Amino acid sequence: MTHQLPHVVIVGAGFGGLAAAKALRKTPAKVILIDRTNHHLFQPLLYQVATSVLTPGQIATPIRNILRNQKNTTVIMGEVTGVDKDRNCVISSDADRQNVPIAYDYLILATGASHSYFGHNEFAEYAPGLKSLADAEAARNKILRAFELAEAEEDPSRHRDLLTFILVGAGPTGVEMAAALAIFVRNTLKSDFRRIDPTSTRIVLVDMASRVLTPYSESLSKSAKQRLEKLGVEVRLGHSVDLIDAEGVVIAGERVASKTVIWTAGVAPSPAGKWVNAETDRAGRVRIQKDLTVPGHPEIFVVGDTASLDQNGKPLPGLAQVAIQQGRYAGKLIHGRIVGNAAPGPFSYFDKGSMAVVGKGFAVLQSGKVRISGLVAWLVWAAVHLQFLATSSLRVSVFLQWVWTYVTGQRGDRLIVSPHRPEFAKPGLDTTVKATFAGSENSRSGRTETPTGGAIALKEAI
Ligand SMILES: Cc1cc2nc3c(=O)[nH]c(=O)nc-3n(C[C@H](O)[C@H](O)[C@H](O)COP(=O)(O)OP(=O)(O)OC[C@H]3O[C@@H](n4cnc5c(N)ncnc54)[C@H](O)[C@@H]3O)c2cc1C
127 MTHQLPHVVI VGAGFGGLAA AKALRKTPAK VILIDRTNHH LFQPLLYQVA
177 TSVLTPGQIA TPIRNILRNQ KNTTVIMGEV TGVDKDRNCV ISSDADRQNV
227 PIAYDYLILA TGASHSYFGH NEFAEYAPGL KSLADAEAAR NKILRAFELA
277 EAEEDPSRHR DLLTFILVGA GPTGVEMAAA LAIFVRNTLK SDFRRIDPTS
327 TRIVLVDMAS RVLTPYSESL SKSAKQRLEK LGVEVRLGHS VDLIDAEGVV
377 IAGERVASKT VIWTAGVAPS PAGKWVNAET DRAGRVRIQK DLTVPGHPEI
427 FVVGDTASLD QNGKPLPGLA QVAIQQGRYA GKLIHGRIVG NAAPGPFSYF
477 DKGSMAVVGK GFAVLQSGKV RISGLVAWLV WAAVHLQFLA TSSLRVSVFL
527 QWVWTYVTGQ RGDRLIVSPH RPEFAKPGLD TTVKATFAGS ENSRSGRTET
577 PTGGAIALKE AI
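Structure, rendered in structure tokens:
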């Protein structure tokens with residue numbers, strides 16, 4: 127009988143996809159949840175992994191662990207590359223099997239977004255973004271390595287470049303990351319080094335916009351900027367970044383030398399619109415109807431960051447709450463159709479407000495007409511973020527880590543963990559050193575040389 131159950135395929139186990147899967151837990155259907163990773167990631171805390179507050183395992187949970195008691199749901203790790211609307215199947219690949227068709231009666235696409243370099247993809251090599259756990263670990267490695275390189279460098283004139291960190295994009299991620307980095311260098315690291323003074327680190331936050339946190343009110347933007355400056359962050363607004371290369375960035379014609387640039391600016395939606403050949407908005411997000419389906423396809427739903435829906439004349443923002451509410455709505459609607467319930471009314475987003483944290487004990491909060499900044503907003507921020515973590519064990523673990531970090535200034539994870547040893551050997555170095563590292567990876571070229579000389583292509587982590 128099982129094969130006669132309708133198949134609901136959900137692509138993406140982020141906020142939207144997971145909410146949809148949970149809403150289908152009692153549905154007489156076979157639910158298949160496909161994700162390219164094995165974990166559900168709490169993206170709002172990625173910057174805390176990048177700045178060593180939390181470990182990767184504190185902000186991500188295996189998807190199959192979250193859904194272990196949901197018997198109607200199968201979790202598949204795979205990369206979806208397309209949708210065959212005529213045969214009602216998605217095309218998925220993994221390391222073992224290519225282009226496997228997975229049939230659906232209902233399809234929910236919740237594939238989120240990735241970085242956008244606004245047409246300058248060449249920046250990606252020098253300015254990694256912050257979207258996945260691999261990105262956050264790579265950023266953490268890069269930041270920690272800069273201090274190690276500076277400490278080892280005997281020529282003090284090189285310390286300045288190594289200890290200049292540039293964040294491109296003063297939205298919530300850039301602001302949160304800049305503030306966390308400032309506290310990290312001035313509190314946690316200040317007595318750990320002998321040749322360098324980490325408190326002399328230069329942190330530059332740059333954006334074309336005229337204020338930080340543009341989605342927030344002007345008064346909150348102003349207090350966030352003041353707080354950043356108090357923490358020692360150099361905020362450069364109204365300037366475009368013309369170039370990013372191995373030597374740093376060029377901001378409005380002026381070169382700022384830096385070995386660590388992090389991209390916290392634009393996002394681009396997943397290619398879901400191309401898969402279903404649907405109309406998209408200017409950013410490439412699929413234009414969906416009020417019931418979250420693709421026009422002409424009542425069986426295909428698109429939710430979250432990869433969907434575009436207007437409410438009160440404005441497009442809904444790319445926020446976790448939007449994705450969660452849309453995922454839940456799509457799951458409930460499909461449940462209703464399968465069990466024969468009446469269709470619900472059109473989707474309507476309920477805005478619970480937005481928050482951004484600006485360092486220890488300070489956040490900005492905007493909800494309706496309410497605007498708060500300071501410690502109270504920070505306490506609300508902490509409570510809300512704890513509540514939305516995927517499991518109780520994560521809530522306890524993150525809470526304890528935050529209390530520990532707040533009280534002692536110490537952070538959870540300051541390890542440089544590279545999947546491959548960095549390329550130390552350069553022409554001119556001692557031959558013994560070369561021989562020792564003959565099998566190591568050249569992380570910049572994305573290739574690894576085996577001791578036998580064979581080359582294996584590696585997928586770049588960033
Ligand atoms: C650094 C950062 C900080 C943020 N902070 C906040 C915040 O404070 N508050 C807030 O409300 N929002 C915040 N956001 C935005 C929020 O995280 C997103 O709006 C939300 O994650 C969107 O949910 P989603 O389900 O659409 O996509 P996601 O949560 O991104 O999930 C997409 C899922 O799809 C999977 N996937 C993608 N493509 C494929 C494919 N081809 N095949 C298989 N699987 C695929 C991915 O692995 C991922 O698991 C932040 C985002 C970032 C990056």
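Each residue of the sequence shown is one higher than the last, beginning at 127 in the numbering used here.
Cβ atoms here follow ideal geometry from the backbone N, Cα and C, with glycine treated the same way.
Predicted model, so just to flag it, every value in this text is computed and none were measured.
In terms of side-chain proximity, the C-beta atom of P298 is found nearer than 7 Å to a non-hydrogen atom of ligand 1. With contacts defined as CB atoms closer than 8 Å, W504 and A516 fail to qualify as a contacting pair. In terms of Cβ geometry, G143 and G453 form a close pair [threshold 8 Å]. With fewer than 16 other Cβ atoms inside 10 Å of its own Cβ, V496 counts as exposed. Comparing alpha carbon positions, the residue from G255, L233, L235 closest to S242 is G255. Here DSSP, grouped into helix, strand and coil, assigns S434 to strand.
By the neighbour-count definition (other C-beta atoms within 10 Å, threshold 16), N438 is an exposed residue. At least one heavy atom of ligand 1 is found less than 7 Å from the C-beta of D161. If you draw a 10 Å sphere on the C-beta of K197, you find fewer than 16 other C-beta atoms in it, and that means exposed.
Ranked by Cα distance from G204, the first of T432, V483, I217, T327 is I217. Bridge pairing for T163: absent [DSSP]. In this structure G392 is not in contact with R411, their Cβ atoms being roughly 13 Å apart against a cut-off of 8 Å. Assignment of beta strand (DSSP E) within the segment 172–223, counting only whole runs of 3 or more residues, yields 186–188, 199–203, 205–210, 215–219 in chain order. Annotation: Q174 to L307 spans about 9 Å, alpha carbon to alpha carbon.
Closest option to R284, judged by alpha-carbon separation, among E373, K156, V529: E373. Straight through space, the alpha carbons of V226 and A262 are spaced by roughly 31 Å.
Between V157 and T199, the C-beta spacing is below 8 Å. Rounded to the nearest angstrom, the gap between the Cα atoms of P182 and L259 is 6 Å. Going by DSSP, P395 is part of no alpha helix (DSSP H) but of the beta strand (DSSP E) stretching over 393–395. Sixteen is the threshold: when 16 or more other Cβ atoms of the shown chains lie within 10 Å of the Cβ of G300, as they do, the residue is buried. Look at the segment 239–314 and you find these whole runs of beta strand (DSSP E), each 3 residues long or longer: 239–241, 290–294. Checking the 7 Å criterion, the Cβ of P472 is out of range of every heavy atom belonging to ligand 1. Checking the DSSP bridge columns, you'll see E360 partnered with V330. Distances from the CB of G143 to the heavy atoms of ligand 1 include at least one below 7 Å. Look at L307: its beta carbon is at least 7 Å from all of the heavy atoms in ligand 1. For F427, the three-state secondary structure derived from DSSP is strand.
Taking every protein chain shown into account, the CB of Y230 has 16 or more other CB atoms within 10 angstroms, so this residue is buried. Between T432 and F310, the C-beta spacing is not below 8 Å. Distances from the CB of L167 to the heavy atoms of ligand 1 include at least one below 7 Å. For S317, the shortest separation between its Cβ and any heavy atom of ligand 1 does not lie below 7 Å. Classified as exposed, L541 has fewer than 16 neighbouring CB atoms from the shown chains inside 10 Å of its CB.
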